[in-house]
Amino acid sequence: MELKFDPSDPKYIYVSNAEQAINALDELKKEKVVGIDIEGTELDPYSSILLTIQISSASISYIFDARQLNIDGIPELKEFLENTNTIKLLHNGKFDYKHIKVNTGIETANIYDTMLTEVVLNAGIGKAYYSLKDLAKKYAGIDLQKDIRESFVKMTANSRLTEDQLKYAALDTLIMFPIFEEQIKKLNKEGLLNVAKLEFATTRVVGEMELKGVHIDIEKWKSIIHTLSDKRDLLASKFQESIRPYFQSSALDLFGNVSDSININSQVQLMDLFNNKLKLNLPSTGDALLEAVDHPVVKILREYRGYEKLVSAFGDNLLSKINKKTKRIHPEFNQLGAATGRFSCNNPNFQQIPRNSEEAPFRTCFNPEKGYKLVTADYSSMEMRILADLSGDAVFIKALTDGLDVHSYTASLMFNLPYTDDFKKKYPDKRQAAKVIGFGLMYGMGPASLARQIGVTPEEGREYLDRYFNSYPSVKRFLEKMARDAVKNGWSSTPAGRKRWYTTPTASDPDYKKKIGSIERQAKNHPIQGTNADAVKYALVFLQERMKKEKVDGSLILTVHDEIVSEIREDQAADWSNIQAEEMCRAARLFLEKVPVVAEPFVGDVWEH
DNA sequence: AGAGGTGGTG
DNA sequence: CATGCACCACCTCT
507 MELKFDPSDP KYIYVSNAEQ AINALDELKK EKVVGIDIEG TELDPYSSIL
557 LTIQISSASI SYIFDARQLN IDGIPELKEF LENTNTIKLL HNGKFDYKHI
607 KVNTGIETAN IYDTMLTEVV LNAGIGKAYY SLKDLAKKYA GIDLQKDIRE
657 SFVKMTANSR LTEDQLKYAA LDTLIMFPIF EEQIKKLNKE GLLNVAKLEF
707 ATTRVVGEME LKGVHIDIEK WKSIIHTLSD KRDLLASKFQ ESIRPYFQSS
757 ALDLFGNVSD SININSQVQL MDLFNNKLKL NLPSTGDALL EAVDHPVVKI
807 LREYRGYEKL VSAFGDNLLS KINKKTKRIH PEFNQLGAAT GRFSCNNPNF
857 QQIPRNSEEA PFRTCFNPEK GYKLVTADYS SMEMRILADL SGDAVFIKAL
907 TDGLDVHSYT ASLMFNLPYT DDFKKKYPDK RQAAKVIGFG LMYGMGPASL
957 ARQIGVTPEE GREYLDRYFN SYPSVKRFLE KMARDAVKNG WSSTPAGRKR
1007 WYTTPTASDP DYKKKIGSIE RQAKNHPIQG TNADAVKYAL VFLQERMKKE
1057 KVDGSLILTV HDEIVSEIRE DQAADWSNIQ AEEMCRAARL FLEKVPVVAE
1107 PFVGDVWEH
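In our numbering, each number is its position in the first sequence, counted from 1, plus 506.
Right, dumping it as structure tokens:
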């Protein structure tokens, strides 16, 4: 591969007035592909000063000084960045998209993202080697020096950029060309071009979602946490009292209070208490085990843990994430957070906020801005529908098409009972067993854990599985084929073409069977979970386009695996809720043709459904 | 700093 | 022989 630039002395032109900008854009308009990067003073787009926008051809980078230029007075720049003709190479384009949008209002379009591409090309393997520095090394053999990046933090609205800073800024755009060339070849070879395009389209939507953030009722949140932490503290004291007899010393602390005998949060100290003092002989302190232990100390601990979990994981920390400028929380969405193609979320993780309960109605604290509503829609039993469709099982599909209560119907097949409207009431245990299998199979569950969950012997668990598979023979064939192919090929794929790779163990590996088993389970799950993810991503893209087209005053704000939440102006919310469900179904139907797809919309003043 | 345990979500 | 997918946050301990 031939480089069109000198990594040690990259060519650039510094652009600081309108005339230079227009000349630069005239040159750039001739290119089919450009590289784009920004430099700013901070990671948070709302508090960062945008210093430069670098746009480059394969050989020269134009460094637009965003502080010197009156960007509103150069409509050519907006036209260029928003055009859909020029391919814009970016690395983690979501970041640049957000900074450019907040600082200039420009919505960068037609993104090719070198980072997302690398993750798509390596899903399931080689975790966390996706920085621009890694890719420069891997694809062009170039060592990028990143230490200059820190110097941008100290910049102000007036300070001059140094030669070193400008060269660094230029190189970050130029370096993406050789990476792009090589990645495109791989995308084509692996049939991943369409998946990559889906990710590129999604990344702008995710950028907008992160910029919008989520509104929170701070007082309500504080009040819930306050109540929960009081209860927790009370239980902690009760715990210490109840174990004191087992400890000899009751030392006083500096303030004359009786000090705690053990740290209630330490599993080491709990194990000592359980086994040496209480003689309970427990292998661990997990709740699944403690559930079956009939001892007052254990009962208090379990109750304590319930509150401790909520207070520590969802307490004050979440409030510290409220953005000073926007007064909203801006969680970070990683659109390729899971090897299956699913999103993950952090800072904070909105995908693990507890579901509303009487005592801890956390989700009701997330509400719309005044004059707006939250519109929530989730796919109904999506993964089950995917399994039915992909396996092509005629009986399973018919049950879904006829709108039956699938778990009851499955149980009726398994146990040779008539399917009736009151089946759930008449045979709750049988229905429950069918339900557990229905879900467990999608994770590659075996007879032992099935038996554990429904409280039967392993032999009976095996029999239940057989009965299930006899009812839906194609499901069995489908899952086994997924497992077999993944072990044979070293990868699995969703119908959309999204791949996940596996590191197959060598025959001499002592854990060979265990590892193969793990691959088989992952491969059974991947097309199911991955297709759900593919559908949600298409839905996000469709929804964003539709919102713009219909001039709806609102934003997408959250996605939680099979759910999408938007914040919509009051008078438009009802209509939009139907559109949202409709677009989600349209997205899913790209992959599911044999089963009906259902998305249930809900309009409300808080996050719930 | 990183691992392991525990537990919240879909 | 063992055998449930995908995450992230907080805690303790080394």
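Even for Gly, the Cβ is constructed at its ideal location relative to N, Cα and C.
Note that the structure is a prediction, hence the values are computed from the model and not measured.
If you ignore the 5 residues before and after Ser999, its C-beta comes within less than 6 Å of the C-beta of Lys1005, all in its own chain and listed in chain order. Less than 7 Å separates the beta-carbon of Thr882 from that of Val1071.
Sequence-distant partners of Met1053 (beyond 5 residues in either direction) whose C-beta falls short of 7 Å from its own C-beta, in its chain, are Gly1060. Across the structure, Asn976 and Lys982 are spaced so that their CA atoms are roughly 9 Å apart.
The alpha-carbon separation between Ser567 and Leu638 amounts to approximately 17 Å. For Asn852, the uninterrupted beta strand (DSSP E) segment begins and ends at Ser850 to Asn852. At the C-beta level, Gly847 and Ala1041 stay beyond 7 Å of one another.
By the neighbour-count definition (other C-beta atoms within 10 Å, threshold 16), Ile528 is an exposed residue. Straight across, the Cα-Cα distance linking Glu705 with Val712 is about 10 Å. Contact between Asp884 and His1115 holds: CB atoms are separated by about 6 Å, below the 8 Å threshold. Take the alpha-carbon of Leu741 and the one of Leu779: they are about 17 Å apart. If you ignore the 5 residues before and after Val1101, its C-beta comes within less than 6 Å of the C-beta of Arg891, Ala894, Asp895, Ile903 and Leu906, all in its own chain and listed in chain order. Here Gly967 is buried. Its C-beta has 16 or more other C-beta atoms within 10 Å. Between the alpha carbons of Leu583 and Thr679 lies a gap of roughly 17 Å. With contacts defined by Cβ atoms closer than 7 Å, Leu672 and Pro516 do not form a contacting pair.
In its chain, beyond the 5 residues on either side, Met507, Leu509, Tyr645 and Ala646 have a beta carbon closer than 7 Å to the beta carbon of Pro684.
Just measuring C-alpha positions, the residue of Pro789, Ile631 and Leu557 sitting nearest Ile606 is Leu557. Along the stretch 845-920, the beta strand (DSSP E) occurs as fully enclosed runs of 3 or more residues at 850-852 and 878-885, listed in sequence order. Taken in chain order, the complete beta strand (DSSP E) segments of 3 residues or longer contained in the stretch 517-545 are 517-521.
Looking at the backbone, the Cα of Ala844 and that of Val764 are separated by about 47 Å. Where Leu1096 is concerned, there is no enclosing alpha helix (DSSP H), because DSSP gives it neither an H nor an E. Relative to the Cα of Lys1043, the nearest Cα in the group Ala954, His1032, Ala1013 and Leu1096 belongs to Leu1096.
The C-alpha of Ser980 is placed about 16 Å away from the C-alpha of Gly946. Note on Gln841: 16 or more other CB atoms within 10 angstroms of its CB, so buried under the neighbour-count rule. Using a 10 angstroms sphere on the CB of Asn873, the tally of other CB atoms reaches 16 or more, which defines it as buried.
With 16 or more neighbouring CB atoms inside 10 Å of its own CB, Ile749 falls in the buried class. In the three-state scheme derived from DSSP, where H, G and I count as helix and E and B as strand, Ser999 is classed as strand. In the DSSP assignment, the residues bridged to Gln560 are Asp543 and Ile569.
When the Cα atoms are used, Ile1025 and Thr708 turn out to be separated by approximately 28 Å. Secondary structure in the stretch 998-1068: the beta strand (DSSP E) runs of 3 residues or longer, each lying completely within the stretch, are 1005-1007 and 1060-1065 in chain order. Scanning Ser743, Thr870 and Leu1046 for the CA closest to the CA of Glu809 turns up Ser743. According to DSSP, Arg1075 shares a beta bridge with Tyr878. Remark: fewer than three beta-carbon pairs, one from each stretch, lie closer than 8 Å, so the stretch 608-628 and the stretch 718-733 are not flagged as touching.
Within the model, the alpha-carbon separation for Ala572 versus Lys660 is close to 16 Å.
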